[in-house]
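Novice:
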Amino acid sequence: MLKNVPEIRDVHVVSDLLRLHGVDVEVDGTNGIVNIDATHVQLADVADVDTLSGSSRIPILFSGPLVHRLGEAFIPALGGCAIGGRPIDFHLETLRKLGATVDKEHKDGIHITAPNGLHGAKIHLPYPSVGATEQTLLAAVLAEGKTELSGAAIEPEIMDLVAVLQKMGAIISVDVDRTFRIEGVKELNGFTHTSLTDRIEAASWASAALATRGDIFVKGATQPEMMTFLNVFRKVGGKFEVTDRGIRFWHPGGDLKPVAIETDVHPGFMTDWQQPLVVALTQANGLSIVHETVYENRFGFTKPLVQMGATIQLYRECLGSLPCRFQQRNYKHSAVIFGPTPLTGRDIDVPDLRGGFSHLIAALAASGPSNVHGISLIDRGYADFRGKLAALGADFE
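For the sequence shown, position 263 (counting from the first letter as 1) is numbered 263 according to full-length UniProt numbering, and the numbering increases by one without interruption.
1. So what's Gly339 in DSSP terms, helix, strand or just coil?
2. Entirely within the stretch 319-376 and at least 4 residues each: give me those alpha helix (DSSP H) ranges in chain order.
3. Give the straight-line distance between the Cα atoms of Ile110 and Leu142, rounded to the nearest whole angstrom.
4. Between which residues of its own chain and Glu296 is the CB-CB distance below 6 Å, once the five residues before and five after are set aside?
5. The alpha helix (DSSP H) spanning residue 399 covers which residue range?
6. Could you check how far apart the C-beta atoms of Gly211 and Ala280 are, in whole angstroms? I think they sit under 8 Å.
7. Less than 8 Å between the CB atoms is what I'm expecting for Ala383 and Pro6, so what's the real figure, rounded?
8. Going by the beta-carbon positions, is the gap between Phe136 and Thr94 smaller than 8 Å?
9. In angstroms, rounded to a whole number, what distance separates the CA positions of Gly79 and Ala44?
10. What I want to know is whether the C-beta of Ala139 ends up closer than 7 Å to one or more non-hydrogen atoms of the ligand MG.
11. Would you say Gly309 and Pro258 are within 8 Å of each other, going by their C-beta atoms?
12. In three-state terms, what does DSSP make of Ala73?
13. Alpha carbon to alpha carbon, how far is Ile172 from Ile158?
14. Once you ignore the five residues that flank Gly368 on each side, which residues in its own chain have a CB closer than 6 Å to its CB?
15. Closest to Gln307 by CA distance: which of Trp273, Gly320, Asp349 and Val294 is it?
16. Within 10 angstroms of its Cβ, does Lys186 collect 16 or more other Cβ (buried), or is it exposed?
17. Could you pull out every residue in the same chain whose Cβ sits closer than 6 Å to the Cβ of Thr263, ignoring the five residues on either side in sequence?
18. Which stretch, first to last residue, makes up the beta strand (DSSP E) that contains Leu314?
19. Around the C-beta of Phe357, are 16 or more other C-beta atoms found within 10 angstroms, so that it is buried, or is it exposed?
20. Alpha carbons only, please: which of Gly22, Ile75, Ile33 and His373 is nearest the one belonging to Thr192?
21. Are the beta-carbon atoms of Val218 and Gly246 separated by less than 8 Å?
22. At what residues does the alpha helix (DSSP H) containing Gly387 begin and finish?
23. Between the Cα of Leu18 and the Cα atoms of Asp48, Gly29 and Pro267, which residue gives the shortest distance?
24. What's the C-alpha gap between Gly117 and His68?
25. Thinking C-alpha only, which one of Asp244, Val290 and Asn231 is nearest Cys318?
26. Let me check understanding here. Comparing Cα to Cα, which of Pro126, Ser376 and Thr51 lies closest to Gly150?
27. Only counting the same chain, and skipping five residues up and downstream in sequence, which positions put a Cβ closer than 6 Å to that of Gly374?
28. Per DSSP, which one or two residues make a beta bridge with Asn189?
29. By DSSP's criteria, Thr113 is part of a beta bridge. Which residues make up the other side?
30. For Val265 and Ala170, which I take to be in contact (beta-carbon distance under 8 Å), what is that distance rounded to the nearest angstrom?
31. Where does Pro76 land, buried or exposed, given buried means 16+ other C-beta within 10 angstroms?
32. For Gly253, which residues from the same chain have a beta carbon less than 7 Å from its beta carbon, with the 5 sequence-adjacent residues on both sides left out?
33. How far does the beta strand (DSSP E) with Ala260 in it extend, from its first residue to its last?
34. Who are the Cβ neighbours of Gly99 in its own chain at under 7 Å, not counting the five residues just before and after it?
35. Roughly how many angstroms lie between the CA atoms of Leu230 and Ile36, to the nearest whole one?
36. Along the chain, where does the beta strand (DSSP E) that runs through Arg248 open and close?
Shown next, in the form of structure tokens:
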């Protein structure tokens with residue numbers, strides 16, 4: 001049983017994928033509870049999986065569990081947001097090292113088998129990919145022997161997955177140098193777990209409070225997972241109050257201050273935080289710099305902001321000190337924002353999940369009406385955002 005599950009489209013996609021594989025899934029959206037019974041797992045029809053995969057990258061994470069349960073798995077074409085290259089090479093190489101055979105030439109997609117079962121291995125990730133770390137953990141817990149995974153992601157959501165797997169019977173430890181050690185077990189059991197509150201959504205609403213000179217209480221938001229964001233929020237000039245029920249974010253009046261930030265893997269400044277914050281920085285008094293080190297095409301969302309009146313310049317150079325994979329690779333992955341600039345409403349097409357919510361923030365901060373098209377993309381990651389906007393007093397239809 002999973003508790004505190006948000007009513008977002010990605011949850012529905014995962015639930016539908018599980019059902020396609022013979023899993024009994026009951027979703028209580030009102031109370032945020034999902035009950036799962038995986039007694040009768042089966043291979044899904046590849047065509048059915050393919051109809052869902054265009055809206056999610058989740059299917060690849062089924063690989064390890066399906067190979068353990070059924071001896072094979074298929075990976076169709078994968079979707080997700082168009083914010084930069086997210087190849088699955090790390091996933092496939094991890095599975096190969098654990099003993100899987102990967103056939104990329106199969107007519108139904110990528111076919112993964114393990115004729116001799118999966119076994120422990122020593123694996124190093126060239127980059128601390130969240131997805132590849134999840135893949136390794138899910139595949140290694142039932143693999144024979146011990147697995148050492150170095151260079152892993154250590155995001156709060158990763159540690160929450162580790163907590164779930166431990167409840168199920170897994171043996172997993174983590175070192176301070178991003179190394180996981182997994183001892184394979186024979187079987188896993190059911191569990192009851194309360195999911196983490198979404199720190200990305202919390203930061204998005206916090207940025208909305210800054211951009212609109214508003215005051216927003218985010219119920220359930222927690223401080224430990226958001227410390228890096230809260231530091232930046234305070235530097236910009238925002239105020240916040242942490243309570244047992246959540247976190248209140250508000251604009252205290254006066255001018256916002258410019259900042260220089262660099263996105264990074266946890267515990268750095270999360271890449272999904274920067275897009276909503278950039279909208280707020282268009283209202284800061286001075287020059288702000290954002291160096292994106294995670295996704296090479298994350299700044300595509302700034303074009304509509306410029307059309308609304310923002311002054312944002314993009315650069316191919318690394319405008320920061322963090323090691324960056326995109327150095328001298330010709331990607332516009334640094335942004336300079338000059339503010340404050342008044343924003344004016346326009347017609348906007350939503351490009352991706354986080355960029356889309358950022359455009360909603362800009363529309364709320366702008367003078368005059370805006371028409372935002374394609375907002376169904378935002379449903380992927382923001383539960384009942386229309387109802388929340390209405391409760392905050394937004395004028396929209």
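Note that CB positions come from ideal geometry on N, CA and C, so glycine has one too. Since we're looking at a predicted model, the values are computed, not measured.
Specialist: In brief:
1. Position 339 of the sequence shown holds residue 339. Shown here, Gly339 sits in a strand according to DSSP, grouped into three states.
2. Taking 4 residues as the minimum length, the alpha helix (DSSP H) runs contained wholly in the stretch 319-376 are 353-365, in order along the chain.
3. Working through the sequence shown from its first residue, we reach residue 110 at position 110. Working through the sequence shown from its first residue, we reach residue 142 at position 142. Those two C-alpha atoms are separated by around 22 Å.
4. Locating residue 296 in the sequence shown gives position 296, where the first residue counts as 1. Gly84, Phe326, Tyr331 and His333, listed in sequence order.
5. Outside the shown range of the chain (1 to 397) lies residue 399, about which nothing can therefore be said.
6. Position 211 of the sequence shown, counted from the first residue, corresponds to residue 211. Position 280 of the sequence shown, counted from the first residue, corresponds to residue 280. Residue identity differs from the one stated: residue 211 is Ala in this sequence, not Gly. Sure, about 4 Å apart at Cβ, within 8 Å.
7. In the sequence shown, the residue the question calls residue 383 occupies position 383. In the sequence shown, the residue the question calls residue 6 occupies position 6. Correct: roughly 4 Å between the Cβ atoms.
8. Counted from its first residue, the sequence shown places residue 136 at position 136. Counted from its first residue, the sequence shown places residue 94 at position 94. Per the sequence presented here, residue 136 reads as Thr, with Phe not at that position. In this structure, Thr94 lies closer than 8 Å to Thr136 by Cβ.
9. As a working note, residue 79 is residue 79 in the sequence shown. As a working note, residue 44 is residue 44 in the sequence shown. Confidence at Gly79 is low in this model, with a pLDDT of 49, below 50, so its placement is unreliable and the value that follows should be read with caution. Whole-angstrom Cα-Cα distance: 18 Å.
10. Summarising the ligand content, the structure contains no ligands, and the ligand MG is consequently not present.
11. To locate residue 309, count along the sequence shown from 1; it is residue 309. To locate residue 258, count along the sequence shown from 1; it is residue 258. Cβ atoms of Gly309 and Pro258: not closer than 8 Å.
12. In the sequence shown, residue 73 corresponds to position 73, counting from 1. Here Ala73 sits in strand by DSSP.
13. Against the sequence shown, residue 172 aligns to sequence position 172. Against the sequence shown, residue 158 aligns to sequence position 158. When rounded, the distance between both Cα atoms is 12 Å.
14. For the purposes of this step, residue 368 is taken as residue 368 along the sequence shown, with counting starting at 1. The beta carbon of Gly368 sits closer than 6 Å to those of Thr344 and Gly345, all from its chain and outside the five residues before and after it, given in chain order.
15. The sequence position of residue 307 within the sequence shown is 307, counting from 1. Comparing Cα-Cα distances from Gln307 to each of Trp273, Gly320, Asp349 and Val294, the minimum goes to Asp349.
16. Here residue 186 is taken as the residue at index 186 of the sequence shown, counted from 1. The C-beta of Lys186 has fewer than 16 other C-beta atoms within 10 Å across all chains shown, which makes the residue exposed.
17. As a position in the sequence shown, residue 263 is number 263, starting the count at 1. Same-chain partners within the cutoff: Phe269, Thr271, Gln274, Glu292, Thr293 and Val294.
18. Translated into positions along the sequence shown, residue 314 becomes position 314. It spans Thr311 to Tyr315 - the beta strand (DSSP E) in which Leu314 sits, taken as one unbroken run.
19. As a position in the sequence shown, residue 357 is number 357, starting the count at 1. Buried.
20. Mapped onto the sequence shown, residue 192 falls at position 192. The residue with the shortest Cα to Cα distance from Thr192 is Ile33.
21. The residue you call residue 218 lines up with position 218 of the sequence shown. The residue you call residue 246 lines up with position 246 of the sequence shown. Yes; because the gap between Cβ atoms is below 8 Å, this pair is in contact.
22. Here residue 387 refers to the residue found at position 387 when the sequence shown is read from its first residue. Start and end: Phe385 to Ala391.
23. The sequence position of residue 18 within the sequence shown is 18, counting from 1. Among Asp48, Gly29 and Pro267, the Cα nearest to that of Leu18 belongs to Asp48.
24. Start at 1 with the first residue of the sequence shown, and residue 117 comes out as number 117. Start at 1 with the first residue of the sequence shown, and residue 68 comes out as number 68. Linking Gly117 to His68 through their CA atoms gives a straight-line distance of about 7 Å.
25. Along the sequence shown, one-based indexing puts residue 318 at 318. The candidate whose alpha carbon is nearest that of Cys318 is Val290.
26. Along the sequence shown, read from residue 1 onward, the residue named residue 150 stands at position 150. Looking at the sequence itself, residue 150 is Ser, so the reference to Gly does not match. Ranking Pro126, Ser376 and Thr51 by Cα distance to Ser150 puts Pro126 first.
27. As a position in the sequence shown, residue 374 is number 374, starting the count at 1. Cβ neighbours of Gly374 beyond the five flanking positions: Asp349 and Val350.
28. For the purposes of this step, residue 189 is taken as the residue at position 189 of the sequence shown. None, per the DSSP bridge assignment.
29. Translated into positions along the sequence shown, residue 113 becomes position 113. Thr113 is bridged to Glu72 and Thr101.
30. The sequence position of residue 265 within the sequence shown is 265, counting from 1. The sequence position of residue 170 within the sequence shown is 170, counting from 1. Going by Cβ atoms, the distance from Val265 to Ala170 rounds to 23 Å, so no, they are not a contact pair.
31. Taking the first residue of the sequence shown as position 1, residue 76 is located at position 76. So Pro76 counts as buried.
32. Here residue 253 is taken as the residue at index 253 of the sequence shown, counted from 1. None.
33. Position 260 of the sequence shown, counted from the start, is the residue given in the question as residue 260. Residues Ala260 to Glu262.
34. Translated into positions along the sequence shown, residue 99 becomes position 99. Cβ neighbours of Gly99 beyond the five flanking positions: Ala114, Asn116, Gly117, Leu118 and His119.
35. Position 230 of the sequence shown, counted from the start, is the residue given in the question as residue 230. Position 36 of the sequence shown, counted from the start, is the residue given in the question as residue 36. Those two C-alpha atoms are separated by around 35 Å.
36. Counting from one through the sequence shown, the residue named residue 248 turns up at place 248. Gly246 to Trp250 is the span of the beta strand (DSSP E), which, as asked, contains Arg248.
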